[in-house]
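Protein chains in written order, with the numbering used here: chain A, 504 to 891; chain B, 504 to 891.
A quick write-up on the structure given underneath.
There are 2 protein chains.
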Amino acid sequence: MNEQGSHQDNRPLSGLKVIETARVITGPMVGLLLAEMGADVIKVEQPPRGDAFRNWHGDGAGPVSANFVAMNRGKRSVDLDTKTEEGRKLYRSLVRSADVVIENYRPGVMDKAGIGWEQLKEFNSSLIYCHITGMGTSGPRAGLPTYDAVAQALSGLWSQLTDCSRPEPVGPPFADQLTALYATVAILAALQARTSTGKGAKVEVDMLSSCLAFQTLAVTSCLIDGTVFDHRTRGRASLSFGFVDSVGRPFAIHLSSPQKPWEALCRALNLPDLIGDPRFRTKADRSTHYDELHDVLQAVFAAQNRDEWMALLAAAEVPSAPILSVGEALVDPQVIALDIIGDDGPRSPVVINGHRCMTVRTAPEFGEHTEEVLDSLKKLASDDALPD
Amino acid sequence: MNEQGSHQDNRPLSGLKVIETARVITGPMVGLLLAEMGADVIKVEQPPRGDAFRNWHGDGAGPVSANFVAMNRGKRSVDLDTKTEEGRKLYRSLVRSADVVIENYRPGVMDKAGIGWEQLKEFNSSLIYCHITGMGTSGPRAGLPTYDAVAQALSGLWSQLTDCSRPEPVGPPFADQLTALYATVAILAALQARTSTGKGAKVEVDMLSSCLAFQTLAVTSCLIDGTVFDHRTRGRASLSFGFVDSVGRPFAIHLSSPQKPWEALCRALNLPDLIGDPRFRTKADRSTHYDELHDVLQAVFAAQNRDEWMALLAAAEVPSAPILSVGEALVDPQVIALDIIGDDGPRSPVVINGHRCMTVRTAPEFGEHTEEVLDSLKKLASDDALPD
């Protein structure tokens with residue numbers, strides 16, 4: 504435990520015990536979120552190499568990848584082969600004293616191994632069991648492998664991100680990671696229900712539903728107005744724009760709906776006539792003539808450098824910011840001021856009573872905590888009480 | 504209450520009382536998530552027109568927008584002017600019996616109005632008070648208005664989405680909505696802590712931290728390896744691809760790291776020689792020569808239509824899907840099979856003990872529930888117990 508350990512007592516999930524039997528992103532990111540908030544997350548990994556994400560880019564050898572650190576800091580790792588009877592027995596013992604299990608195997612895999620929800624709840628009636636799937640457990644695609652791009656494509660999310668005449672995969676793995684966020688919400692809601700019922704629950708979250716839920720604006724607009732959002736919708740709906748300066752450095756302006764930032768922008772740029780221009784008079788006009796407005800402004804912005812525009816726009820209270828690379832973002836003065844970047848990743852956005860949640864352990868080596876975890880089990884339970 | 508009311512008793516947050524004093528997206532989406540899971544969410548709206556999102560695209564008149572429905576179904580609405588002493592008194596009474604308050608005003612606004620955390624906790628010591636901000640409460644940008652595009656730009660998230668030589672705003676409002684998800688996680692974690700402490704808490708979540716936290720892969724890679732992700736990284740890291748068929752219909756293939764789907768793809772396309780091609784032999788090779796691989800495959804895929812490719816790829820177990828528009832997604836057979844689209848929006852991705860969480864009310868008219876909510880307050884409290 505490092506010096507950040509002083510935060511631990513303040514963290515809201517301190518005392519919560521979580522078993523994560525999950526690989527790659529969807530499940531491990533849930534474990535990460537719970538670990539940041541203070542849960543004791545024990546990552547159960549299968550021999551010989553554990554979570555495939557440890558060495559995603561290589562041949563299975565070599566150092567732990569940044570990908571693995573990104574999703575697994577703050578946890579303990581136990582090397583446990585649940586394909587053996589002894590491993591399953593130990594796994595059940597672990598689960599017996601746990602609050603939460605997270606797994607992202609395909610439907611039926613854990614049940615067949617004898618360590619699914621139906622089996623585990625028999626000796627831990629207050630267990631919250633979270634099963635993350637690609638596309639749920641019914642329907643024509645339930646049995647097929649679902650990777651991030653598949654769920655993004657089928658849910659419509661991809662169509663909101665790139666020009667579909669030349670579709671490109673972009674961004675963080677949205678389908679995987681949104682699913683992790685919804686699954687974390689689901690687990691915590693089930694824990695809340697447990698405070699009144701005393702009972703555990705089986706929680707299921709899938710990637711397709713998560714992508715659709717996140718598209719609530721687009722889905723509801725389609726259902727109610729019949730409009731179909733695509734990658735061009737966001738700018739027009741919100742009047743947000745991307746521009747480049749005289750040397751190609753990008754920046755953003757977000758005018759939103761009110762007249763005030765629009766008029767402030769026109770005055771700041773010394774273009775007061777634009778305010779009354781019939782193409783741009785109302786929010787609806789500016790939305791309809793979005794491309795023209797973009798081009799008019801881009802022509803102006805090409806004349807000077809970004810720092811000068813940022814100062815001018817800030818003074819005029821026009822919502823704006825440089826579009827930073829991830830590297831630049833890490834050293835931005837606001838990011839520094841908030842102290843939100845740790846040694847091995849971003850810190851949690853959750854601040855409780857003035858204390859920012861954060862992990863207090865580095866990402867574990869495979870099986871690093873096998874001995875200490877199994878030793879603590881022995882202390883917890885007498886041998887004859889171990890379930891078979 | 505409609506026929507979906509039968510689900511209510513199963514929902515995990517049934518019995519939880521939430522006061523939402525929030526506008527537009529970040530705060531209201533938190534209320535939506537809690538309402539879907541069974542919480543009684545009372546949306547406190549200011550006269551004369553309530554949440555600006557009711558009429559975002561117009562002049563303030565006319566019907567409630569799809570945007571508003573997308574973020575506010577499942578709630579009750581109370582018309583309450585907290586700029587008056589009477590309104591503040593009623594607000595405090597509402598909060599006195601609540602579990603959670605959600606607000607997204609700028610730092611200090613609610614405190615100045617006498618209804619901030621410091622004031623409210625005095626008469627509800629178990630209250631969870633969630634304050635959502637753009638950029639936190641310290642640092643050079645803390646006082647500036649932060650809209651979605653501003654947080655996306657400054658956090659680096661935008662740079663992972665589009666080519667920054669011609670930056671475009673795309674997708675759902677990621678900064679707003681990711682913040683809502685993290686804030687929901689924060690609130691539920693604080694509720695979990697309350698079960699042991701009995702105490703409420705102030706929870707703060709900001710848009711900049713949320714965007715950075717969601718970029719854990721990019722941030723950690725930058726910190727550990729010094730690599731800077733951009734909009735081209737995702738395809739290369741995950742070997743996911745977008746293609747178009749003979750008539751321009753888009754589809755996705757996600758090969759990921761293992762050899763198996765890659766070799767299956769080559770055989771399905773009757774291109775077995777590609778497997779041994781030195782440009783594409785290993786995952787790392789295919790990542791390095793991503794553009795070439797894309798072009799080789801695109802030339803093949805241009806010869807035939809998407810339905811035929813989808814059937815062929817499914818038979819070969821190559822993870823793939825059509826890239827659907829949002830409209831097409833709503834009627835996809837898998838989406839229909841999971842029954843995840845309601846009348847007024849997508850349903851919750853959270854399924855607990857086999858029951859999918861969903862809202863049981865339509866989006867409220869402004870002030871629709873003022874009378875019933877205030878009447879229930881009168882029943883709850885005798886007048887002299889009302890705080891001032």
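All C-beta atoms, glycine included, are put in the ideal place defined by N, C-alpha and C.
From a predicted model like this one, the values you see are computed outputs, not experimental measurements.
From this set, the options, which residue's C-alpha is nearest residue i's C-alpha?
i      : options                        : result
A/L742 : A/S749, A/D728, A/Q762         : A/Q762
B/L715 : A/S662, A/E588, A/Q837         : A/Q837
A/A678 : A/S658, A/R669, A/S668, A/A689 : A/S658
A/D878 : A/L597, A/T585, A/N558, A/E588 : A/L597
B/D794 : B/G738, B/D847, B/G751         : B/G738
B/V653 : A/A686, A/T682, A/H734, A/F744 : A/F744
A/S749 : A/Q680, A/L630, A/L800         : A/L800
B/Y594 : B/S628, B/F571, B/D554, B/Q549 : B/Q549
B/N856 : A/V706, A/S668, A/P551         : A/V706
B/E599 : B/Y650, B/F626, B/V612         : Position check: residue 599 of chain B holds Arg in this sequence, whereas Glu was assumed. Looking at the Cα atoms, B/F626 is the closest of the given residues.
A/L772 : A/V722, A/I522, A/A814         : A/A814
B/W765 : B/S828, B/L816, B/I844, B/V731 : B/L816
B/A704 : B/D554, B/V604, B/M540, B/A819 : B/V604
A/L535 : B/N575, B/C633, B/L720, B/I618 : B/L720
A/N808 : A/P753, A/S760, A/V854         : A/P753
A/M710 : B/M861, B/H858, B/I843         : B/I843
B/E831 : A/Y608, A/N575, A/D554, A/C725 : A/C725
A/D835 : B/G646, B/M574, B/A656, B/F556 : B/A656
B/R864 : B/P551, B/N575, B/H634         : B/N575
Please confirm whether residue i and residue j have their CB atoms less than 7 angstroms apart.
i      : j      : result
B/H797 : B/R782 : no
B/P515 : A/A696 : yes
A/T524 : A/E606 : yes
A/G639 : B/L833 : no
B/L519 : B/D602 : yes
A/V821 : A/L768 : yes
B/L681 : B/S713 : yes
A/I826 : A/A755 : yes
A/V533 : A/T687 : yes
B/V722 : A/P849 : yes
B/S759 : A/Y650 : yes
B/A542 : B/V521 : yes
B/G577 : B/T862 : yes
B/V547 : B/L537 : no
B/V708 : A/P852 : yes
Look at the alpha carbon of residue i and the alpha carbon of residue j, and state the distance between them as a whole number of angstroms.
i      : j      : result
A/R644 : A/T636 : 11 angstroms
A/V567 : A/P867 : 9 angstroms
B/T587 : A/S662 : 46 angstroms
A/K624 : B/T785 : 43 angstroms
A/P670 : A/K882 : 56 angstroms
B/D582 : B/W620 : 21 angstroms
B/N558 : B/A569 : 9 angstroms
A/P880 : A/T873 : Note on residue identity: the sequence assigns Leu, not Pro, to residue 880 of chain A. So the two alpha carbons sit approximately 11 angstroms from each other.
B/V572 : A/R579 : 43 angstroms
A/V829 : B/D733 : 8 angstroms
A/M540 : A/L694 : 14 angstroms
A/P676 : B/L684 : 16 angstroms
B/V876 : B/G870 : 10 angstroms
B/T736 : A/V673 : 7 angstroms
A/G642 : A/Y608 : 17 angstroms
On the three-state DSSP scale, how would you describe residue i?
i      : result
B/P764 : helix
A/V750 : coil
B/E671 : coil
A/G845 : coil
B/A755 : strand
B/R770 : helix
B/V853 : coil
B/S744 : Correcting the residue type first, residue 744 of chain B is Phe in the shown sequence and not Ser. Strand, per DSSP.
B/R782 : coil
**OP:** Enumerate, from N- to C-terminal direction, the unbroken beta strand (DSSP E) stretches of 3 or more residues contained entirely within the region 786-837 of chain B.
**Re:** DSSP runs (the beta strand (DSSP E)) wholly in the region 786-837 of chain B: 823-825.
**OP:** Could you tell me which uninterrupted beta strand (DSSP E) segments, each at least 3 residues in length, are contained entirely in the region 516-600 of chain B, listed from first to last along the chain?
**Re:** Runs of the beta strand (DSSP E) inside the region 516-600 of chain B: 520-524, 543-548, 579-582.
Subject >> Contiguous alpha helix (DSSP H) assignments of at least 4 residues, all confined to the region 589-668 of chain A >> reply: Taking 4 residues as the shortest admissible run, the region 589-668 of chain A contains the following complete alpha helix (DSSP H) segments, listed from N- to C-terminal end: 612-615, 620-623, 651-658.
Subject >> Continuous alpha helix (DSSP H) assignments of at least 4 residues falling wholly in the region 681-738 of chain B >> reply: 710-717, 719-728, all fully within the region 681-738 of chain B.
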